[in-house]
Amino acid sequence: MLRLTSVSHTYSGQRRRSAVLNGITYSFERGTFYTILGPSGSGKTTLLSLASGLDTPTKGTISFEGRDLRELGLGRYRNRHAATVFQSYNLLTYMTALQNVTAAMEITGVKPASGSRRAHALELLERIGLDKATATRNVLRLSGGQQQRVAIARALACDVDILFADEPTGNLDEDTAQGIIDTFRELAHEQGKCVVVVTHSQQLAAQSDRILVLRKGKLSQQAKAR
Ligand SMILES: Nc1ncnc2c1ncn2[C@@H]1O[C@H](COP(=O)(O)OP(=O)(O)O)[C@@H](O)[C@H]1O
Ligand SMILES: [Mg+2]
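Mind the numbering: the sequence shown is residues 1 to 226 in the UniProt record's numbering, read in order.
Structure (structure tokens):
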């Protein structure tokens, strides 16, 4: 569904000659939950920003259902097909948790199958462990872990084909992290989404369908330990 072909990326002004990403070819499919591991600075966030259409690679192509993202339009791709949970959450800080989720639904034009956007947003927030009292507080009054969950609920609210997340369980306790992993698995296996998660957590990686490792600009698939 999402194909990277000979993708390389170098940041302009970068002193070292080696590219952050160096000739990556890989296909991500529906119904599959992927995790990406790799040392800090190996280019995991860069890879997600290219795959989610926030930036274009310096070399190579990325295509969604056979169409080059540049031809499809990066804005259109991000709006209709891909959602991202950023490492820094990127929440709108003058809004409540609930408003952050409903605003995303309004921007992308998502209408829930039944009920209002507000009701659907509350249900998503509840499912991810934020009750109504918490959801209606300004996001700056929430803990880091709670803000992270708002960012995840916001991404889930946009009914997209691919969900990207950059270290989404980093600030969460074990139970909450497990709840989010269960949600990712369900999205992939029951709703047929493609879920791509960057993580340092072996607990999370062990529960994904495919473990990918990014190292020295190359992406390789790790055989799963049994
Ligand atoms: N916007 C940028 N401009 C210049 N260099 C960058 C930029 N973003 C990341 N880098 C560099 O690219 C490399 C990979 O960064 P990143 O993708 O954030 O790695 P990771 O997420 O695996 O820690 C690092 O050396 C980082 O300093
Ligand atoms: Mg990173």
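Even glycine gets a Cβ: it sits at the ideal position worked out from N, Cα and C.
DSSP three-state assignment for residue i, whether helix, strand or coil
i, result
"GLN146", "helix"
"ILE181", "helix"
"GLN221", "strand"
"GLY23", "strand"
"ASP209", "coil"
"residue 230", "Nothing about residue 230 can be reported from this structure: the residues present for the chain run from 1 to 226 only."
"THR96", "strand"
"ASP175", "helix"
"ARG215", "strand"
"ASN79", "helix"
Proximity test, residue i beta-carbon vs ligand 1 heavy atom, cut-off 6 Å
i, result
"SER88", "no"
"GLY41", "yes"
"TYR34", "no"
"VAL213", "no"
"TYR11", "yes"
Pair within 7 Å by beta-carbon distance, residue i and residue j
i, j, result
"ASN138", "THR102", "no"
"GLN203", "VAL213", "no"
"VAL85", "ILE152", "yes"
"ALA104", "ARG141", "no"
"LEU219", "ILE62", "no"
"ALA51", "LEU163", "no"
"HIS9", "THR46", "yes"
"GLY170", "GLY31", "no"
"GLY38", "VAL20", "no"
"ASP209", "PHE33", "yes"
"GLN146", "ILE181", "no"
"GLY179", "GLY129", "yes"
"LEU48", "ASP166", "yes"
"LEU156", "LEU124", "yes"
Per DSSP, cross-strand counterpart(s) of residue i
i, result
"ARG67", "PHE64"
"PHE33", "VAL195"
"VAL7", "ILE24"
"LEU2", "PHE28 and PHE64"
"THR84", "PHE164"
"LYS132", "The partner list for LYS132 (beta bridge, DSSP) is empty, contrary to what the question assumes."
"ASN90", "Answer by DSSP bridge pairing: none, since ASN90 is not bridged."
"LYS59", "SER8"
Heavy atom of ligand 2 within 6 Å of residue i beta-carbon
i, result
"LYS44", "yes"
Inter-residue spacing [alpha-carbon to alpha-carbon] between residue i and residue j
i, j, result
"ASN100", "HIS200", "27 Å"
"ASN79", "GLY60", "23 Å"
"THR108", "CYS158", "7 Å"
"residue 228", "GLN148", "Coverage of the chain is limited to positions 1 through 226, which leaves residue 228 absent and any answer about it impossible."
"ARG67", "THR35", "24 Å"
"ALA188", "GLY13", "38 Å"
"ALA119", "PRO112", "9 Å"
"VAL110", "ASN22", "36 Å"
"TYR11", "ASP55", "11 Å"
"residue 229", "PHE28", "The requested residue 229 is not part of the displayed model; the chain covers only 1 to 226."
"THR136", "THR5", "44 Å"
"GLU106", "TYR94", "17 Å"
"GLY53", "LEU74", "5 Å"
"THR58", "SER114", "43 Å"
"SER40", "ARG117", "38 Å"
Residue i CB to nearest heavy atom of ligand 4 below 6 Å
i, result
"VAL20", "Only ligand 1 and ligand 2 can be found as ligands here, which leaves ligand 4 out of the picture."
Residue i at chain B interface by Cβ criterion, 7 Å
i, result
"PHE33", "Looking for chain B here will not work: only one protein chain is present."
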